[in-house]
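Beneath this line is the structure, given in structure tokens, with notes to follow.
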Amino acid sequence: MKPYVICHMLGSVDGRIKQNIWGFKDHHKYFEETAAKIKADAWLVGRVTMEEFSSKRKPAAPAKRVVVPKEDFVGKLSKTYAVVIDPSGKCYWDTNMVSTEHVIEVLTERVSSSYLQHLREKQVSYVFGGQDTLDLALVLRKLNKLFNIKTVRIDGGGHVNGSFLKAGLIDEFSLVLAPVADGTIGQPTVFEAEEGFGRRKATQFTLKSVKRIYKDFLWLRYLVVKGKTKR
Ligand SMILES: NC(=O)c1ccc[n+]([C@@H]2O[C@H](COP(=O)([O-])OP(=O)(O)OC[C@H]3O[C@@H](n4cnc5c(N)ncnc54)[C@H](OP(=O)(O)O)[C@@H]3O)[C@@H](O)[C@H]2O)c1
């Protein structure tokens, strides 16, 4: 079974997502307080975003190298999970938790045995989503089957959102629209799916709800119109 997928983001009016120059105090609260109102069994982010939460130190190479089979590994079952799309294994861990969520790494078979040894030692769970590239539909099915995840909240950044959008796997989009124009050329936007105009059609939404929050912000909830994103 495919879990229900809600993408949740804080964006400027021009769709930028990095908040370096926005100038809000407590800028985390605009994202987090709204995210907390969306019930989900897991949140999922891209490797770049997860590096804000994972270990800053690369561990020393294991004293004894062993060949670890490229098979899914369940380190722990939990009520809630933090999932990272990390195809070549760049995130390192001191613990298998981010706050109250158990960490699941989504990998390709390109990762080394010593990286898998590191994850096993820390009891971080991992699933394989493909040999060289990720089959995101397969990844979602594995998250459901192995961890009983029924609803996933994708929390960015733009590249991970874009790849799930392009694969037609997002059911709902939740946008906290910040009252700010960013204008920084070349920085990630809410959805980074593809360069130029390809054969892909833009994804259409219908409005589920709209709410004015924090005085000048809008919280927009959309449902994806299905069957409009396929090539
Ligand atoms: N405003 C908000 O609500 C919000 C929310 C979250 C994050 N952010 C910000 O967004 C920025 C990061 O965004 P980002 O778009 O640069 O990065 P990102 O989406 O967090 O991570 C991108 C990376 O994830 C991996 N990845 C994602 N989809 C993949 C796929 N289909 N197949 C293989 N690998 C895949 C790749 O890792 P490899 O490079 O290792 O191959 C890729 O480079 C940060 O500054 C963060 O603070 C903002």
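Heads up: the sequence shown is residues 421 to 651, going by my numbering.
Note that the Cβ used here is the ideal one computed from N, Cα and C, for glycine as well.
> Nearest to W463 by alpha carbon, out of A598, L560, F611 and Y512?
Replying inline: L560
>> So V504 and R467 are supposed to be a Cβ contact under 8 Å. How far apart are they, rounded?
In response: 6 Å
>> Please state whether the Cβ-Cβ distance between I426 and I633 is less than 9 Å.
In response: no
> Got a sec? Which residues, its chain only, sit under 6 Å from K438 by beta carbon, not counting five neighbours each side?
Replying inline: Q607
> Just to confirm, are R641 and S594 a CB contact at a threshold of 9 Å?
Replying inline: yes
>> Using a 10 Å radius around the Cβ and a threshold of 16 neighbouring Cβ atoms, would you call R436 buried or exposed?
In response: That one is buried.
> In terms of residue numbering, what span does the beta strand (DSSP E) encompassing L643 cover?
Replying inline: F637 to V644
> Is L558 near ligand 1, judged by its Cβ being under 8 Å from some heavy atom?
Replying inline: no
> Regarding S475 and ligand 1, is the C-beta to nearest heavy atom distance less than 8 Å?
Replying inline: no
> Is V425 near ligand 1, in the sense that its beta carbon is under 8 Å from a heavy atom of that ligand?
Replying inline: no
> What separation, rounded to the nearest whole angstrom, lies between the Cα atoms of R530 and Q551?
Replying inline: 7 Å
> Looking only at its own chain, which residues have a Cβ that is under 7 Å from the Cβ of K562, when we skip the five neighbours before and after it?
Replying inline: D492 and V547
> Where in the region 526–602 do unbroken runs of the alpha helix (DSSP H), each at least 4 residues long, occur, reported from the N-terminal end onward?
Replying inline: 533–541, 556–567 and 578–586
> For the region 448–478, which segments carrying the beta strand (DSSP E) assignment without a break, of at least 3 residues, lie completely within its bounds, in sequence order?
Replying inline: If one requires a minimum length of 3 residues, the beta strand (DSSP E) runs lying completely within the region 448–478 are 462–466, in chain order.
> On the three-state DSSP scale, how would you describe R620?
Replying inline: coil
> Going straight from the alpha carbon of L556 to that of K476, what length do you get?
Replying inline: C-alpha separation (whole angstroms): 27 Å.
> Between S474 and F637, what straight-line distance do the alpha-carbon atoms span, to the nearest angstrom?
Replying inline: Each residue's CA atom was taken as its position, placing S474 and F637 some 30 Å apart.
>> Taking a contact to mean a Cβ-Cβ separation below 9 Å, would you say L597 touches G431 in this structure?
In response: yes
> Quick one: Cα of G578 to Cα of E612, how far?
Replying inline: 5 Å
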